[in-house]
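Residue numbers for the first sequence follow our numbering, beginning at 9 and rising by one. Cβ coordinates follow ideal geometry from the N, Cα and C atoms, glycine included.
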Amino acid sequence: MPELPEVETVARGVHDRVRGQRILDVWLGSHREPFNTPPARLAKGLEGRTILAVRRIGKHIVADLADGKTATPAAQWIVHLGMTGRLLVTTPDAPVVAHTHARAALSSGRELRFVDPRRFGRLELRQFPKDQPFAAPGAEPLTIQADAFAALFRGRKLAIKAALLNQSLLAGVGNIYADESLFHAALRPRRLAGRLTRTELERLRIALQDVLQRAIARGGSSVSDYVDANGVRGFFQLEHRVYQRTGAPCLVCATPIHRIVVAGRSTHYCPTCQH
DNA sequence: CATTTCACCTGGTGGC
DNA sequence: TGCCACCAGGTGAAAT
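Shown next, in the form of structure tokens:
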């Protein structure tokens, strides 16, 4: 998936194209996987409502929905893209590609579509006041301050790579940006989170925020088929230093990049630059 | 509770 | 060309 920078790019793109639009009609596919909310209830909660705003929270895309012309959200539509999910704004006559699970006709005459081959993505409706507004369990990586960042890892006996991937600590970091930020912070992925010094943790926080910001500026990373709401690919993969560069020379010291498995995920690092 | 492993899906790639 | 193993941006449940 789409990690934080890709989700941010999608959320911004969708926001620009659907803000203020009314959802006229919703079609949902038959696979059960993508629906955290039963399809009938999801469709009923979307139809007739107006999209006030679309934004990213962690790796989730949150659309605030209002009744009529009010400016107060009556509900939220939560979209998680999983590994292969895409949100597209198209014309109604655009070919419906395989694995399209949801189509929402908008008052602008366009359609908002959710496509997800692997079906790890999820769609959910939060209906106020019955449900709580969506909130990520973990901290926001882009704005977390030094003290709070250091406190996340204190006393933890797991690899820093695993800790970075834990969404209840930091919301939005995934496999690409965990590896890239550890490279820029010169830290090995298997270092135990609780054993990192305050200086190392601060180096990591700055590296993480820098990598995420630069990735957002490039529209995210397109590793295989990721595209934004306009069908445009991101370009941050051109700036990857270690991710999916196994055996290739480190761009700093020319040592071949190593690949190991940490927390069940492919993990890439430079054995010379990272300690 | 904290941490680790694995299942959940489809599709692409590379070896034989 | 076919078949098979392995890999992929994530995460929640089960096991330890």
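Asked: Rounded to the nearest angstrom, what separates residue 160 and residue 60 at their Cα positions?; Found: 34 Å
Asked: Does the segment 174–181 touch the segment 248–264, meaning 3 or more C-beta pairs lie closer than 8 Å?; Found: no
Asked: Within this structure, are the beta carbons of residue 63 and residue 19 separated by less than 9 Å?; Found: yes
Asked: Taking all protein chains shown into account, do 16 or more other C-beta atoms lie within 10 angstroms of the C-beta of residue 105, making it buried, or fewer, making it exposed?; Found: exposed
Asked: Here's a check: name, in chain order, each residue in its chain whose Cβ is nearer than 6 Å to the Cβ of residue 97, leaving out the five neighbours to either side.; Found: 25, 118, 120 and 237
Asked: Just checking, does the segment 80–91 make contact with the segment 145–161 on the three C-beta pairs under 8 Å criterion?; Found: no
Asked: Exposed or buried, what is residue 115 when buried is set at 16 or more other beta-carbons lying within 10 Å of its beta-carbon?; Found: exposed
Asked: By DSSP's criteria, residue 73 is part of a beta bridge. Which residues make up the other side?; Found: 59 and 83
Asked: List the endpoints of the continuous alpha helix (DSSP H) containing residue 157.; Found: 154–161
Asked: May I ask you to verify whether the segment 185–192 touches the segment 271–279, counting CB pairs closer than 8 Å and requiring at least 3?; Found: yes
Asked: To the nearest angstrom, how far is it from the Cα of residue 163 to the Cα of residue 242?; Found: 37 Å
Asked: Could you give the distance in angstroms between the alpha-carbon of residue 108 and the alpha-carbon of residue 125?; Found: 8 Å
Asked: What whole-angstrom Cβ distance do residue 191 and residue 222 have, given they're in contact under 8 Å?; Found: That belief does not hold up - the Cβ atoms of residue 191 and residue 222 are roughly 13 Å apart, past 8 Å.
Asked: Please state whether DSSP places residue 145 in a helix, a strand or coil.; Found: coil
Asked: Nearest CA to the CA of residue 284: which residue from 127, 53, 258 and 94?; Found: In this structure the chain extends from 9 to 283, so residue 284 is not present and cannot be described.
Asked: Output the distance between the C-alpha atoms of residue 100 and residue 113, rounded to the nearest integer angstrom.; Found: 8 Å
Asked: Taking DSSP's pairing of strands, which residues face residue 99 in a bridge?; Found: Residue 99 pairs with nothing; no bridge assigned.
Asked: For residue 11 and residue 132, I'd like the C-alpha separation in whole angstroms.; Found: 19 Å
Asked: For residue 38, count neighbouring C-beta atoms within 10 Å of its own C-beta (all shown protein chains included) and say buried if the count is 16 or more, exposed if not.; Found: exposed
Asked: Apart from the five residues on each side of it in sequence, which residues of its chain come closer than 6 Å, Cβ to Cβ, to residue 86?; Found: 68, 70, 132 and 142
Asked: My understanding is that residue 13 touches residue 228, with C-beta atoms under 8 Å, so please give their C-beta distance in whole angstroms.; Found: 4 Å
Asked: Could you tell me which of 209, 195, 122 and 166 sits nearest to residue 158, measuring between CA atoms?; Found: 209
Asked: Start and end of the beta strand (DSSP E) containing residue 277?; Found: 273–277
Asked: In the DSSP output, which residue or residues are listed as bridge partners for residue 119?; Found: 98 and 113
Asked: For the segment 173–234, list the alpha helix (DSSP H) runs that are entirely contained and at least 4 residues long, ordered along the chain.; Found: 183–192 and 206–225
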